[in-house]
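Numbering (my numbering), first residue to last: 30 to 185. Using N, Cα and C, we set each Cβ at its ideal position, and we do this for glycine too. On a predicted model such as this, the values are computed, not experimentally measured, just so you know. For reference, the structure discussed in these notes is given below.
The following block contains the structure:
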């Protein structure tokens with residue numbers, strides 16, 4: 030049986046079927062194309078590519094002024110205009126924006142978010158929980174001077 034995590038890795042349009050020899054994923058939308066999967070139901074070869082996905086989305090155009098403003102906001106020195114370096118930066122930024130826009134267009138209605146596997150402060154919590162903290166009267170035994178269960182501090 031496939032784990033929930035491996036089912037989520039496959040696109041929703043796939044219907045999973047198991048046979049005695051191997052596990053395969055098939056889809057009616059792709060004319061019953063068989064995709065070979067490993068024992069966990071994960072495809073052994075890519076089922077799609079980012080480049081293929083992005084080819085169906087229009088490419089945004091960034092003006093040199095916009096790129097210079099981004100550099101200024103980032104406290105970086107922009108490359109000189111009309112240089113190969115600037116053209117490379119503009120092309121890379123346009124591709125990143127294109128990818129972000131493609132991801133934003135994905136319909137996620139009905140998809141249950143996966144809970145975080147690790148809390149952001151897990152390292153702090155694990156440390157704090159694993160070592161019991163001495164508090165209150167337990168700490169008084171380390172003080173050089175104590176009177177009536179209170180610390181005594183010498184005035185300078």
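Nearest Cα to residue 116 within the set 131, 127, 103 and 97: 97. Taken through DSSP and simplified to helix, strand or coil, residue 180 comes out as strand. Among the bridge pairs identified by DSSP, residue 175 is matched with 180. Within its own chain, the residues whose Cβ lies closer than 8 Å to the Cβ of residue 123, once the five positions on either side in sequence are excluded, are 88, 89, 90 and 91, listed in chain order. Residue 126: member of the alpha helix (DSSP H) spanning 113-133, first to last residue. For residue 100, the enclosing alpha helix (DSSP H) starts and ends at 93-102. In this structure, the straight-line span from the alpha carbon of residue 165 to that of residue 68 is close to 56 Å. Here residue 79 carries a helix assignment [DSSP, helix/strand/coil]. The straight-line gap separating the alpha-carbon atoms of residue 86 and residue 163 is approximately 60 Å.
Exclusion of the five residues before and after residue 108 leaves 114, 115 and 118 as the residues of its chain whose Cβ lies within less than 7 Å of its Cβ.
In the structure shown, the three-state DSSP call for residue 166 is helix. One thing to note: residue 81 has its Cβ no nearer than 8 Å to the Cβ of residue 73.
A Cβ-Cβ contact shorter than 8 Å links residue 128 with residue 83.
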